[in-house]
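This report refers to the structure that appears directly beneath it.
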Amino acid sequence: RDAYVNGRYVPHAQAAVHVEDRGFQFADGVYEVVCIRNGRLIDEDGHLDRLDRCLGELRIAWPCERRVMRLIMRRLIGRNGVRNGLIYLQVTRGTAARDFRFPAAARPTLVMTTRRAALAANARAGVRVITIPDIRWKRCDLKTVGLLAQVLGKQEAAERGAFEAWQVDEDGFVTEGTSSNAWILTADGALVTRPASHDILNGITRQSILRIAAAEGVRFEERPFDLDEAYAAREAFVSSATSFVTPVVRIDDRAVGDGTPGALGRRLLEAYVAHAEGAGAS
Ligand code: PMP
C-alpha cells in the first residue's frame, strides 16, 4: 500500500513529512475525506469545492491544479486497488522554520492515503451518542487538521460506550458530532438539522441529504435544536462521508423513539446509497 507525499508515491510505512511542517507545528492545514464505493469517488466535486473554500479562507495556495489533484487521487486509488473505502487528503501551508507568521516562500505540502472499509454495520443496527460541551474555536466551518476537541470528544464517547459525541453550544443547542452532522426527526414530523454557519462543518453528505429530502418531499427545517427536543425526537441520525446516514438509537441515557432505527433514516440511507452508487459518483 502506497501513500502520496509531495509528488511521490511511497510505501505507507515510509511516508513522512518534515518535522518543521506547519501541519505538525501549528495544525496549519486542511483536509478532506472522500468515500470510495465500487471504485468511484462519492461527491468528489463537493469535497474539492469545500477544499478550495477552506484553502482560500486560510490563504494557503493549491498545491497543484484541481485537475492534477483529481488525477493523483485516481492513481493512488488504482495503485492501492481500493474498491470500497476512503481517500484522505491533506494540504498544509508547508515546511518552514517555526514562526507563527506565514512563511515568505513555502510550498504547500500535499499528502494522500487510502483505507479499505466496507460500509459500517452501524448503519443498520444504529448507534449511541453522548452529549458534551462544544469547546471548539469559532470557525468550525473550516475543515482544519486542528482536531484536538474532536479527539477528546470521540475518546470520551468511546469510553462511555458510544459511537459519537454531540457537541452542545453555550445556549444548549446541538451543533454537530465530532466528525459528523446531527439530525433529528421531531415529534411532530419535521427533519431538523442545524443551518450552515461558522458553528458547524457544512458536510458534503449533509448537503446531499438535504437535496434528497427536498426531492422526496420530506418536510425539513434548517434550524438549531436543543437537547430537550433531541430527547423527545422520534428519530435521530448522524451523517458523514464515511458513516453515510447512521441511525442514532440512544442519546445519553434516553432511547430515541422505540430504541431502534427509524423509517425515515432507513429511507434516506437507501436514497443516499443509490445516489452514491449512481449519478453522484464519478
Ligand atoms: N462535521 C464535522 C466536524 C466533521 O468532521 C465531518 C466529517 N468530515 C462532518 C461534519 C461531515 O462532513 P462530510 O459529510 O463532508 O463528511
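Residue 113 in UniProt numbering sits at position 111 of the sequence shown, and the numbers go up by one each step. Ideal Cβ positions, reconstructed from N, Cα and C, are used throughout, including at glycine.
- CA-CA distance, Gly48 to Asp171, rounds to 27 angstroms.
- Under DSSP, Val70 takes part in no beta bridge, so it has no partner.
- Taking non-hydrogen atoms of the ligand PMP into account, the C-beta of Ser242 is found less than 6 angstroms away from one of them.
- Around Arg81, the same chain offers Asp4, Tyr11 as residues with beta carbons nearer than 8 angstroms, after the five sequence neighbours per side are excluded.
- Taking 7 angstroms as the cut-off, the beta carbon of Leu271 is found no closer than this to the beta carbon of Arg236.
- For the 7 angstroms CB-CB criterion, Ser182 and Val240 form a contact.
- Relative to the ligand PMP, the beta carbon of Thr207 is positioned inside 6 angstroms of a heavy atom.
- For Asn40, the Cβ stays outside the 6 angstroms cut-off from all heavy atoms of the ligand PMP.
- For Val153, the enclosing alpha helix (DSSP H) stretches over residues 150 to 161.
- Boundaries of the alpha helix (DSSP H) harbouring Arg55: 46 to 60, taken from the DSSP string.
- Taking 6 angstroms as the cut-off, the C-beta of Ser182 counts as close to a heavy atom of the ligand PMP.
- Scanning Val153, Ala127, Gly128 for the CA closest to the CA of Asp136 turns up Val153.
- C-alpha of Gly87 to C-alpha of Arg118: approximately 4 angstroms in a straight line.
- A buried status is given to Leu50, since no fewer than 16 other beta-carbon atoms sit within 10 Å of its beta-carbon.
- Of the heavy atoms belonging to the ligand PMP, none sits nearer than 6 angstroms to the Cβ of Leu144.
- Under the Cβ criterion (8 angstroms, minimum of three pairs), the segment 253 to 260 does not count as touching the segment 189 to 199.
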